[in-house]
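Novice: Supplied in structure tokens, the structure appears directly below.
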Amino acid sequence: MKLIVAMIKPHNLPSTKKALFDADVKKMTVTNVVGAGQQGGYSETYRGAVHEVNLIKKVRLEIAVNDEFVEKTIKAIIKGAKTGRIGDGKIFV
């Protein structure tokens with residue numbers, strides 16, 4: 264048994280969840296998180312002042328699977344979350 268943890272962009276959650284369901288992976292824990300990485304941050308302007316936002320909103324998926332489901336679970340997460348741009352996320356096993 265393995266625990267797969269994936270950090271993905273929040274707007275990719277519906278497509279990732281669909282890809283997981285299509286791969287017959289239906290049980291998962293989903294948590295909203297913030298973090299920093301290669302993607303960096305962004306600037307926001309509020310009342311004329313510029314604020315640097317260094318923590319980016321992400322979604323954390325935790326999925327415990329039997330050994331025979333590890334590869335298809337990883338492929339499903341990649342299928343649902345990959346856009347090819349920086350910040351797509353990470354997968355840990």
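Numbering (the working numbering), first residue to last: 264 to 356.
Note that CB positions come from ideal geometry on N, CA and C, so glycine has one too.
All values derive from a computational prediction rather than experimental measurement.
Looking at the unbroken alpha helix (DSSP H) that takes in L283, where does it start and where does it end?
Specialist: Counting from one through the sequence shown, the residue named residue 283 turns up at place 20. L276 to D285 is the span of the alpha helix (DSSP H), which, as asked, contains L283.
Novice: Exposed or buried, what is N275 when buried is set at 16 or more other beta-carbons lying within 10 Å of its beta-carbon?
Specialist: Position 12 of the sequence shown, counted from the first residue, corresponds to residue 275. Label assigned to N275: buried.
Novice: When the Cβ atoms of the stretch 270–284 are set against those of the stretch 315–327, are three or more pairs found closer than 8 Å?
Specialist: Contact between the stretch 270–284 and the stretch 315–327 is present, because at least three Cβ pairs lie under 8 Å.
Novice: Note down, in chain order, each residue of its chain lying with its Cβ closer than 8 Å to the Cβ of L318, except the 5 sequence neighbours on either side.
Specialist: If you number the sequence shown from 1, residue 318 lands on position 55. Excluding positions up to five away in sequence, the list reads V297, G298, A299 and G304.
Novice: Figure out for me which residue from I354, G350 and R348 has the closest Cα to the Cα of A339.
Specialist: Counted from its first residue, the sequence shown places residue 339 at position 76. Per the Cα distances, I354.
Novice: Whole angstroms are fine: how far does the CA of Y309 sit from the CA of G347?
Specialist: If you number the sequence shown from 1, residue 347 lands on position 84. If you number the sequence shown from 1, residue 309 lands on position 46. Taking the straight line joining both Cα atoms gives about 31 Å.
Novice: Quickly, what does DSSP pair I271 with across the bridge? List them, please.
Specialist: Along the sequence shown, one-based indexing puts residue 271 at 8. In the DSSP output, where bridge partners are listed per residue, I271 has V322 and G352.
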